[in-house]
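A.B. asks:
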Amino acid sequence: QKEVEQDPGPLSVPEGAIVSLNCTYSNSAFQYFMWYRQYSRKGPELLMYTYSSGNKEDGRFTAQVDKSSKYISLFIRDSQPSDSATYLCAQGEGSSNTGKLIFGQGTTLQVKP
Amino acid sequence: SQTIHQWPATLVQPVGSPLSLECTVEGTSNPNLYWYRQAAGRGLQLLFYSVGIGQISSEVPQNLSASRPQDRQFILSSKKLLLSDSGFYLCAWSELGSPLHFGNGTRLTVT
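These protein sequence lines map, in sequence, to chains A and B. For the first sequence, position 105 matches number 108 in our numbering, and the numbering has no gaps at all. For the second sequence, position 62 matches number 76 in our numbering, and the numbering has no gaps at all.
1. Is it right to say I67(B) is buried, meaning 16 or more other beta carbons lie within 10 angstroms of its own, or is it exposed?
2. Indicate whether at least one CB of chain B lies closer than 8 Å to the CB of Q34(A).
3. Along chain B, which residues have their Cβ under 7 Å away from the Cβ of K102(A)?
4. Return yes when the Cβ of G46(A) is within less than 8 Å of the Cβ of G111(B), no when it is not.
5. Tell me E73(B)'s beta-bridge partners as DSSP assigns them.
6. Would V26(B) pass as a contact of T125(B) if the rule is Cβ separation under 8 Å?
7. Please identify, using Cβ separations under 9 Å, the residues of the region 46-64 of chain A that lie next to chain B, in order along the chain.
8. Let me make sure I understand the geometry here. Which of D69(A), L50(A), M37(A) has the alpha-carbon closest to that of R63(A)?
9. Go ahead and label N46(B) buried or exposed: buried means 16 or more other beta carbons lie within 10 angstroms of its beta carbon, across all protein chains shown.
10. According to DSSP, is D61(A) helix, strand or coil?
11. Can you tell me which of the three DSSP states P83(B) falls into?
12. Measuring only the C-alpha atoms, how far is P28(B) from V74(B)?
13. By how many angstroms is the C-alpha of C92(A) removed from the C-alpha of R40(A)?
14. D99(B) by DSSP, collapsed to three states: which one?
15. To the nearest angstrom, how far is it from the Cα of W107(B) to the Cα of E48(A)?
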């Protein structure tokens with residue numbers, strides 16, 4: 004079993020739709036959770052990060068973590084064509100070395116005008 | 015603000031040739047530095063990380079090595095490239111308690 008499972012998609016939605024992206028993980032030692040967005044041929048850029056269960060909102064983006072189920076989600080409201088990218092979930096264990104992350108495979112999202 | 019520079023953006027090298035990829039970070043002191051690789055259709059895999067000058071930890075056995083000659087400089091090297099070394103190489107940095115930030119990567123094709 005992989006440490007992190009993420010459906011690669013592709014996921015295609017019309018502009019304005021609500022998008023739900025998900026990851027499951029198996030390592031209960033993970034303490035912090037991140038979502039990155041990666042445009043083609045670019046490095047990943049950090050969207051959201053959280054250290055706790057529950058919801059965290061930033062503009063049109065909401066990250067949700069359920070540690071009891073080992074399930075994390077990213078919701079995008081009012082999706083735009085500019086949101087078309089690959090979305091990577093990532094998990095880490097300790098705050099002393101926050102760069103040692105386990106990444107999901109990434110979900111490719113296409114938002115059609 | 016902090017910035018990370020990584021070059022070159024693309025590189026085509028023959029099998030058996032050496033490799034040197036360089037990464038520098040500005041606007042921070044004593045960052046943790048990382049090299050990740052992203053193979054086609056796969057997630058990112060951590061290759062090396064460094065918590066200080068001359069301190070390198072390797073996460074996976076491979077044909078590559080890393081060095082940190084200066085506080086904000088991180089270098090990825092190989093003496094002889096293999097076809098399997100092709101991929102998208104990403105340098106990244108973090109500080110204590112802060113999330114990871116990536117450069118724009120080098121796309122390496124070994125022919």
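We treat Cβ as the ideally placed atom computed from N, Cα and C, and that holds for glycine. Please read these numbers as outputs of a predicted model, since none were measured by experiment.
C.D. replies: Let me spell this out:
1. Numbered from its first residue, the second sequence carries residue 67(B) at position 53. Residue environment: I67(B) is assigned as exposed (fewer than 16 neighbouring CB atoms within 10 Å of its CB, all protein chains considered).
2. The sequence position of residue 34(A) within the first sequence is 31, counting from 1. No, Q34(A) lies away from the interface with chain B (no Cβ there is under 8 Å from its Cβ).
3. The residue labelled residue 102(A) in the question sits at position 99 within the first sequence. Going by the sequence as given, residue 102(A) is Gly instead of Lys. Ordered by position in chain B, the residues that pass the 7 Å Cβ test against G102(A) are N46, Y48, Y63, A106, S108, L114.
4. As a first step, residue 111(B) is located in the second sequence; it is residue number 97 there, counting from the start. As a first step, residue 46(A) is located in the first sequence; it is residue number 43 there, counting from the start. No; because the gap between Cβ atoms is not below 8 Å, this pair is not in contact.
5. Looking up residue 73(B) in the second sequence gives position 59. None, per the DSSP bridge assignment.
6. Within the second sequence, the letter at position 12 stands for residue 26(B). Within the second sequence, the letter at position 111 stands for residue 125(B). In this structure, T125(B) lies closer than 8 Å to V26(B) by Cβ.
7. G46, P47, E48, L49, Y52
8. To locate residue 63(A), count along the first sequence from 1; it is residue 60. Ranked by Cα distance from R63(A), the options D69(A), L50(A), M37(A) are led by L50(A).
9. By 1-based counting over the second sequence, the position of residue 46(B) is 32. By the Cβ neighbour-count rule, N46(B) is buried, with 16 or more other Cβ atoms within 10 Å of its own.
10. By one-based count along the first sequence, residue 61(A) stands at place 58. Correct three-state label for D61(A): strand.
11. As a position in the second sequence, residue 83(B) is number 69, starting the count at 1. Residue state, collapsed to three classes: strand.
12. Looking up residue 28(B) in the second sequence gives position 14. Looking up residue 74(B) in the second sequence gives position 60. Taking the straight line from one Cα to the other gives about 23 Å.
13. As a position in the first sequence, residue 40(A) is number 37, starting the count at 1. As a position in the first sequence, residue 92(A) is number 89, starting the count at 1. Each residue's alpha carbon lies about 9 Å from the other.
14. As a position in the second sequence, residue 99(B) is number 85, starting the count at 1. In this structure, D99(B) counts as helix in the three-state DSSP scheme.
15. Position 93 of the second sequence, counted from the start, is the residue given in the question as residue 107(B). Position 45 of the first sequence, counted from the start, is the residue given in the question as residue 48(A). Straight-line Cα distance between these residues: approximately 12 Å.
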